[in-house]
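Chemist:
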Amino acid sequence: MKYAFIEQHRQAFSIQRMCAFLGVARSGYYAWRRRGGEPSPRRRRQALIDQRVAQAFEQAKRRSGAPRLTHDLNDAGVAICLNTVAASLRRQNLRAKAARKFKATTNSRHSLPVAPDLLEQDFSAAAPNRKWVGDITYRVPRP
1 MKYAFIEQHR QAFSIQRMCA FLGVARSGYY AWRRRGGEPS PRRRRQALID
51 QRVAQAFEQA KRRSGAPRLT HDLNDAGVAI CLNTVAASLR RQNLRAKAAR
101 KFKATTNSRH SLPVAPDLLE QDFSAAAPNR KWVGDITYRV PRP
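At position 79 of the sequence shown (counting the first as 1) the number is 79 in the UniProt record's numbering, and the numbers step up by one without a gap.
1) S88 and D50 - do their beta-carbons sit closer together than 9 Å?
2) Quick check for students: name the residue ranges of the alpha helix (DSSP H) that lie wholly in the stretch 1-29, counting only runs of 4 or more.
3) By how many angstroms is the C-alpha of Y3 removed from the C-alpha of W32?
4) Find out if the Cβ-Cβ distance for the pair A76, A56 is shorter than 9 Å.
5) If you draw a straight line from the alpha carbon of R42 to that of I136, how long is it in whole angstroms?
6) Determine the burial state of M18: buried for a count of at least 16 other Cβ atoms within 10 Å of its Cβ, exposed for fewer.
7) Over the uninterrupted alpha helix (DSSP H) stretch that includes S64, give me the two end residues.
8) According to DSSP, is N93 part of a helix, a strand, or is it coil?
9) Which residues bound the alpha helix (DSSP H) around F57?
10) Give the secondary structure of N74 by DSSP, where H, G and I count as helix, E and B as strand, and everything else as coil.
11) Report the CB separation of A96 from R63 in whole angstroms; it is logged as a contact under 8 Å.
12) Express the C-alpha separation of L69 and L48 in angstroms, rounding to a whole number.
13) With H, G and I counted as helix, E and B as strand and the rest as coil, what does DSSP make of A115?
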C-alpha cells in the first residue's frame, strides 16, 4: 500500500513530496497512521460486501449478474443496492457467464424415410399395453 511505503521511507524523503509523488493526500496518510495501519471503516465495509457478493456469485454458479445478485442478497436479508453490488463485482473482476443460445439439433431436410404410421389414428386398444405412443418435445433449457 502507498501509505506503508511512505511510512518505510519517511526518514529518507519528506512526507509531503512522497504524498505528492504517489498521488495521495497528506491528511490521508496521517489518518492511516492514527488508525495504526488498519484499513478505514469504508475499506472494512467494502471487504465485507465483497465477501458476501463473491459468496452469492459462487452460489449462483457464476451465472448471475448484478441485478439478480442484488435480488438474491436482498432475499437473504442483506440490505444492498444494485450499484453497490455492481461496484463489488468490478472490484473483484467477477463476470457472469453468458447464457448460450439454444441450438436446434433437428434436421428436417433429410432424405431418410419417415417412420410408418402403424396406428393410422386408431388409438383404441382391445387390452391394456397393446398400443403405445410417444412424442418428442423440444424446449429451450434454462441455465
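Cβ coordinates follow ideal geometry from the N, Cα and C atoms, glycine included. Since this is a predicted model, take the numbers as computed values, not measurements.
Modeler: For this structure:
1) yes
2) 2-8 and 15-22
3) 7 Å
4) yes
5) 56 Å
6) buried
7) Per DSSP, S64 belongs to no alpha helix (DSSP H) and is neither H nor E.
8) coil
9) P41 to Q59
10) helix
11) 6 Å
12) 15 Å
13) coil
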